[in-house]
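Peer 1: Using UniProt numbering, the first residue of the sequence shown is number 1, and each one after it goes up by one.
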Amino acid sequence: MAEPPLPPGVRFAKPDDLVRIGMVSLASFIGTDCYDWLWVEPNTYPQDTLAAEINHWKEDMKNGEEIFLVIEDEYDPDENSKTSAVIDPSQTNWRAPQPGEKVIVGAMSFTPNTGSDRADNHAQAPDAVYLRLNPGPMFLALEWSHSFKLSRFLEENETRLGFANGFNLEMLVVHPAYHRRGHARTLVKWMQDLARIDQVTVYVAADGKADKFYARVGFQIMERHWVPGDEIVPLGFRINMMKWLP
C-alpha cells in the first residue's frame, strides 16, 4: 500500500545513524520528570549514559518491529550548551560536522498495528552492520526498580487500552538546540498521514510535560496517571495515555 511522501529533511533511519540518534535522544530527554525518575545523576557517567541511549535505539531497530525516521537541519556547533546533558561520544566514531552542514536533529519510532506489514517494508537488511560500543553500556545511573515498574505499567495499560490495534508512537525526540522549528510536528504528521491511509488510531503514552504538544497535533487524552515518587526519587510524574483518530 502507498505511503505519504517524506517531507523535506526527513528520511528513514539506518544503523549508521544510531550514534547521532542516541545523542539527540539523550539531549532531548534529560531533565524531564520521567527521565529523572529513571536515571539518577546520569551526568556522573556521561559515556555510559550515552551508550545506554544508543543501545536502546539499536536493539529496537534490530528487532524489526518499528519504523524509524529522522529529520535533519543545519548543525549548530553550540548545541551542547542548549541541553543539560553532558554528551561524550568519544567511545564512538561520531565526528561533528561543519557549521551549517546537515545533521540529524530529531528522530521518531513507532510500531504499526498488529497484522500490518509496514515495518517489514522498512526492516534493515539481514547483513546490516551495527556499531559495537567499547565500552558497552553498564547502565550505571539507571534505577532498575523504577525501570521495571515503568515497563510493567506501560505493558499493562497499553495492552488494556488496545494500543496494538493501531500505531504505537514509541519515541519522539528533538534536540533542544533545534526546538521551535516544527521538527516534531513534521515527524508526527507523516505518521498521522500514514495512519489515515491505513485507517488506524495512533496511540502514545506521553510524559505529562509533552501532552500539550500532542494536544496541538490532534491527540486526545484517554486516561491520566500519576507515577509517585519514593525514597530514591521523591518527585513523581504524570503519564497521559492519548490517542489520535484518523
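Beta carbons: idealized from backbone N, C-alpha and C, even for Gly.
For Ser90, name the three-state secondary structure that DSSP assigns.
Peer 2: The answer is coil: DSSP assigns Ser90 none of H, G, I, E or B.
Peer 1: Which ranges would you report for the alpha helix (DSSP H) in the region 14-93 if only whole runs of at least 4 residues count?
Peer 2: Here the runs fully enclosed are 18-29, 33-38 and 46-63.
Peer 1: Who are the near neighbours of Asn165 in its chain, counting only those whose CB is closer than 8 Å to its CB and skipping five residues on each side?
Peer 2: Result list for Asn165: Asn113, Thr114, Val200 and Thr201, in chain order.
Peer 1: Do you know whose CA, among Arg20, Pro46 and Asn240, lies nearest Trp94's CA?
Peer 2: Selected option, being the one with the closest Cα: Arg20.
Peer 1: Are the Cβ atoms of His175 and Val105 separated by less than 7 Å?
Peer 2: Their beta carbons are under 7 Å apart, which means His175 touches Val105 by this criterion.
Peer 1: Across which residues does DSSP place Phe167 in a beta bridge pair?
Peer 2: Paired residue(s): Val202.
Peer 1: If the criterion is Cβ atoms closer than 7 Å, does the pair Val86 and Pro135 meet it?
Peer 2: No, they are not a contact pair.
Peer 1: Going by CA-CA distance only, name the one from Met222, Asp17 and Glu143 that's closest to Phe163.
Peer 2: Ranking Met222, Asp17 and Glu143 by Cα distance to Phe163 puts Met222 first.
Peer 1: With distance defined between alpha-carbon atoms, name the residue in Ala27, Pro5 and Met1 nearest to Val173.
Peer 2: Selected option, being the one with the closest Cα: Ala27.
Peer 1: What's the call for Gln192, buried or exposed, on a 16-neighbour Cβ count within 10 Å?
Peer 2: With 16 or more Cβ atoms within 10 Å of its Cβ, Gln192 is classed as buried.
Peer 1: Please return the same chain residues whose Cβ sits closer than 7 Å to the Cβ of Glu65, not counting the five positions on each side in sequence.
Peer 2: Excluding positions up to five away in sequence, the list reads Thr111 and Ala119.
Peer 1: If the criterion is Cβ atoms closer than 7 Å, does the pair Pro42 and Ala141 meet it?
Peer 2: Yes, these two residues count as a Cβ contact at 7 Å.
Peer 1: Measure the Cβ-Cβ separation of Phe34 and Phe237 and say whether it is below 7 Å.
Peer 2: The displayed chain sequence assigns Cys, not Phe, to residue 34. Taking 7 Å as the Cβ cut-off, Cys34 and Phe237 qualify as a contacting pair.
Peer 1: DSSP puts Arg238 in a beta bridge; with which residues?
Peer 2: Trp226.
Peer 1: May I ask whether a heavy atom of the ligand GTP can be found less than 6 Å away from the beta carbon of Gly136?
Peer 2: The ligand GTP is not among the ligands present in this structure, which contains no ligands whatsoever.
Peer 1: Whole-angstrom Cβ separation of Pro219 and Lys189, contact assumed at under 8 Å?
Peer 2: Per the sequence shown, residue 219 should be read as Phe rather than Pro. Between Lys189 and Phe219 the Cβ distance is about 12 Å, and since that is not below 8 Å, they are no contact.
Peer 1: Do Trp37 and residue 262 count as a contact pair if the criterion is CB distance below 7 Å?
Peer 2: The chain is shown from 1 up to 246; residue 262 falls before or after that span and cannot be answered.
Peer 1: Does the distance from the CB of Val217 to the CB of Leu169 come in under 7 Å?
Peer 2: No; because the gap between Cβ atoms is not below 7 Å, this pair is not in contact.
Peer 1: Mind pulling the alpha helix (DSSP H) runs of 4 or more residues that sit fully within the region 127-197?
Peer 2: You should have 144-160.
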